[in-house]
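Residue 399 is where the sequence shown starts when you use the working numbering, and the numbers rise one by one after that.
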Amino acid sequence: MERYPLTLIVNGRMVTVAVKPTATLLEVLRDELGLTGTKRGCEQGDCGACTVLLEGRAVQSCLVLALQAANKKIVTVEGLGTAERLHPLQKAFLDHWAFQCGFCTPGMLLSAKALLDENQSPSRQEIEEALSGNLCRCTGYAPVIEAIEAAAKLMENEASDDRPSG
């Protein structure tokens, strides 16, 4: 099958790969770019394990044809923070034990990030709605929701610390 050049902006870095027209964004991220934090789950858009941010919106990368993402900004869990400087969501997930096996965690983190980017002080119901496309078989969701609430507060405090005092 013929391949087509595809340019993406992944975690702030422009990359170009040759892809089949039927390749999904999930396949390109994992198989072509080696970003295995994006998990291959159901491949039907039901589990949320493959969630990434596409132009700031949480999407299931198994449902997006790679060519649809041409020249667009994509954030995977690898682009969220670093080992030296965790994103507040990553820190909160660790602090609240909001993971067990960890398979769903990347998708949960990115769904939560999309929510907090849009709504800095979400209600518990808004958090639950934002996570409704992410399935977890281990944690029971309570620690995940608590972690997102804690991250929202942490991010709010960091933002207020960054504001100039006048």
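Glycine is no exception: its CB is placed at the ideal position from the N, C-alpha and C atoms.
Bear in mind the structure is a predicted one, so any value in this text is a computation, not a measurement.
Hey, could you find the ends of the alpha helix (DSSP H) residue i is sitting in?
{"i": "Lys471", "result": "It is not in any alpha helix (DSSP H) - Lys471 instead sits in the beta strand (DSSP E) that spans 471-473."}
Rounded to whole angstroms, how far is the Cβ of residue i from the Cβ of residue j, which I believe are closer than 8 Å?
{"i": "Thr503", "j": "Leu427", "result": "Actually they do not touch by this definition, with Cβ atoms about 16 Å apart."}
{"i": "His494", "j": "Ala545", "result": "4 Å"}
{"i": "Gly446", "j": "Ser521", "result": "About 20 Å; that fails the 8 Å criterion."}
{"i": "Ala464", "j": "Leu423", "result": "5 Å"}
{"i": "Val417", "j": "Leu404", "result": "5 Å"}
For the beta strand (DSSP E) containing residue i, name the first residue and the last one.
{"i": "Pro403", "result": "402-408"}
{"i": "Leu431", "result": "Looking at the DSSP string, Leu431 is not in any beta strand (DSSP E), and its letter there is neither H nor E."}
{"i": "Met412", "result": "411-417"}
Does the beta-carbon of residue i have 16 or more other beta-carbons within 10 angstroms, so that it is buried, or is it exposed?
{"i": "Pro419", "result": "exposed"}
{"i": "Ser459", "result": "buried"}
{"i": "Leu478", "result": "buried"}
TODO: At 3 residues or longer, and completely inside the region 453-532: list those beta strand (DSSP E) runs for me, N to C.
DONE: 455-458, 471-473
- [ ] Check whether the region 439-456 touches the region 484-491, taking contact to mean three or more Cβ pairs, one atom from each stretch, closer than 8 Å.
- [x] no
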